[in-house]
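*Asks:* Here it is, the structure, as structure tokens.
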Amino acid sequence: MPNGVHRQMSRLEPSFPTCSPRRSARDCLVAMIAVQYKVAVAVKVWHAVGRRIYCDNLGIIDFYLSELCPVVYINECELVSGVLYERKLRKIHESSQHHGMVVAVRNNTTIKEFSELQDRCFALNLTVIPIGNVSELPQLLVQMAYMECKSPRNPFKQQKKSCDELAAHQLKLFMLIPGVGEKKARTLLEHFGHPQGLASVTEDMLVAKLTPLIGESSAQNVYDFFYTKIRFTRT
Numbered sequence: 001m002p003n004g005v006h007r008q009m010s011r012l013e014p015s016f017p018t019c020s021p022r023r024s025a026r027d028c029l030v031a032m033i034a035v036q037y038k039v040a041v042a043v044k045v046w047h048a049v050g051r052r053i054y055c056d057n058l059g060i061i062d063f064y065l066s067e068l069c070p071v072v073y074i075n076e077c078e079l080v081s082g083v084l085y086e087r088k089l090r091k092i093h094e095s096s097q098h099h100g101m102v103v104a105v106r107n108n109t110t111i112k113e114f115s116e117l118q119d120r121c122f123a124l125n126l127t128v129i130p131i132g133n134v135s136e137l138p139q140l141l142v143q144m145a146y147m148e149c150k151s152p153r154n155p156f157k158q159q160k161k162s163c164d165e166l167a168a169h170q171l172k173l174f175m176l177i178p179g180v181g182e183k184k185a186r187t188l189l190e191h192f193g194h195p196q197g198l199a200s201v202t203e204d205m206l207v208a209k210l211t212p213l214i215g216e217s218s219a220q221n222v223y224d225f226f227y228t229k230i231r232f233t234r235t
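For the sequence shown, position 228 (counting from the first letter as 1) is numbered 228 according to the UniProt record's numbering, and the numbering increases by one without interruption.
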């Protein structure tokens with residue numbers, strides 16, 4: 001890792017508190033936010049939860065949800081250009097000790113570009129999460145931050161229970177896909193772990209990868225669920 005990147009992240013990490021048994025998840029929720037987002041629509045919900053720290057030295061990182069979870073946001077213009085976000089991806093990849101997250105806009109005008117971004121993130125072992133527009137970003141960040149700060153009171157006693165509950169929740173998420181019953185949902189759970197794992201499969205390879213697992217018809221249902229073109233209705 002380049003020394004500059006390491007020094008920058010080392011300065012940030014000590015600022016994040018850990019949750020103690022007497023503190024609620026809300027009290028522990030802390031986010032470091034690039035100063036340019038201070039008045040943006042993307043962070044208007046932060047006033048209701050935890051603490052937010054605005055920083056002008058995060059570099060290409062837009063949000064830190066924990067010391068180990070940097071997040072970059074790629075807007076529609078950056079995604080279409082294809083060049084502007086490459087530096088962000090390289091910087092997160094160079095910080096190999098951190099679990100980098102990429103949030104990008106996927107709508108009718110960016111379907112092709114988002115698929116290319118998926119390929120790039122997959123090659124760099126980065127998680128990419130699609131959103132329809134910037135208004136969906138606040139709630140997503142809050143949910144991600146809660147997941148980062150949660151800590152069981154006694155992990156030795158609660159580990160199995162927590163894992164079972166998480167698996168049950170993820171199974172229900174897979175079953176929300178039309179045409180996917182419990183049996184096929186369990187198959188998807190075993191192979192991908194979370195619906196987010198399906199989002200990391202490129203659009204042109206999704207049906208081919210799923211057909212041997214759940215059959216061609218169900219594979220097509222999954223494809224339609226993730227990639228059917230978004231339709232906007234006028235009001």
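All C-beta atoms, glycine included, are put in the ideal place defined by N, C-alpha and C.
Computed from a predicted structure; not experimentally measured.
Let me make sure I understand the geometry here. Which of 114, 171, 181 has the alpha-carbon closest to that of residue 200?
*Replies:* Of 114, 171, 181, the residue nearest in Cα terms is 114.
*Asks:* Let's test the definition: count the other Cβ atoms within 10 Å of the Cβ of residue 91 and tell me whether it reaches 16, buried, or not, exposed.
*Replies:* Label assigned to residue 91: buried.
*Asks:* So residue 198 packs on residue 222, CB below 8 angstroms; how close in whole Å?
*Replies:* With a Cβ gap of about 7 angstroms, residue 198 and residue 222 count as contacting.
*Asks:* Which runs of the beta strand (DSSP E) fall wholly inside the segment 84-137 and span at least 3 residues, in chain order?
*Replies:* Listed in chain order, the complete beta strand (DSSP E) runs (minimum 3 residues) inside the segment 84-137 are 101-105, 127-131.
*Asks:* On the DSSP bridge assignment, give the partners of residue 70 in chain order.
*Replies:* BP columns for residue 70 point to 64.
*Asks:* Over what stretch of residues does the alpha helix (DSSP H) that includes residue 224 continue unbroken?
*Replies:* First-last of the alpha helix (DSSP H) with residue 224: 216-227.
*Asks:* For the alpha helix (DSSP H) containing residue 195, name the first residue and the last one.
*Replies:* Residues 195-199.
*Asks:* Considering only the beta carbon of each residue, do residue 171 and residue 185 sit closer than 8 angstroms?
*Replies:* Yes, the pair counts as a contact, with Cβ atoms nearer than the cut-off.
*Asks:* To the nearest angstrom, how far is the alpha carbon of residue 167 from that of residue 196?
*Replies:* Taking the straight line joining both Cα atoms gives about 14 angstroms.
*Asks:* Note the first and the last residue of the continuous alpha helix (DSSP H) segment covering residue 257.
*Replies:* Residue 257 falls outside the range modelled here, since the chain spans only 1 to 235, and no answer is possible.
*Asks:* Buried or exposed, going by whether 16 or more other CB atoms sit within 10 Å of the CB of residue 139?
*Replies:* Residue 139 comes out exposed.
*Asks:* For residue 152 and residue 142, I'd like the C-alpha separation in whole angstroms.
*Replies:* Reliability fails at residue 152, whose pLDDT of 48 lies under 50, so the model's placement of it is uncertain and the value that follows must be treated cautiously. Each residue's alpha carbon lies about 19 angstroms from the other.
*Asks:* Taking the beta carbon of residue 224 as the centre, do at least 16 other beta carbons fall within 10 Å, making it buried, or is it exposed?
*Replies:* Burial call: exposed.
*Asks:* What does a CB cutoff of less than 8 angstroms around residue 229 pick up in its chain, not counting 5 residues either side in sequence?
*Replies:* Here the model assigns residue 229 a pLDDT of 49, short of 50, so the residue's position is not dependable and the matter cannot be decided.
*Asks:* CB residue 102 to CB residue 83, shorter than 8 angstroms?
*Replies:* The answer is no: Cβ separation not under 8 angstroms.
*Asks:* If you follow the alpha helix (DSSP H) that residue 190 is in, where does it begin and where does it stop?
*Replies:* Segment 182-192, the alpha helix (DSSP H) holding residue 190.
*Asks:* So, with DSSP's three-state summary, where would you put residue 202?
*Replies:* Looking at residue 202 - three-state DSSP - the assignment turns out to be coil, as it is neither helix nor strand.
*Asks:* Rounded to whole angstroms, what is the Cα-Cα separation between residue 220 and residue 122?
*Replies:* Approximately 22 angstroms between the Cα atoms of the pair.
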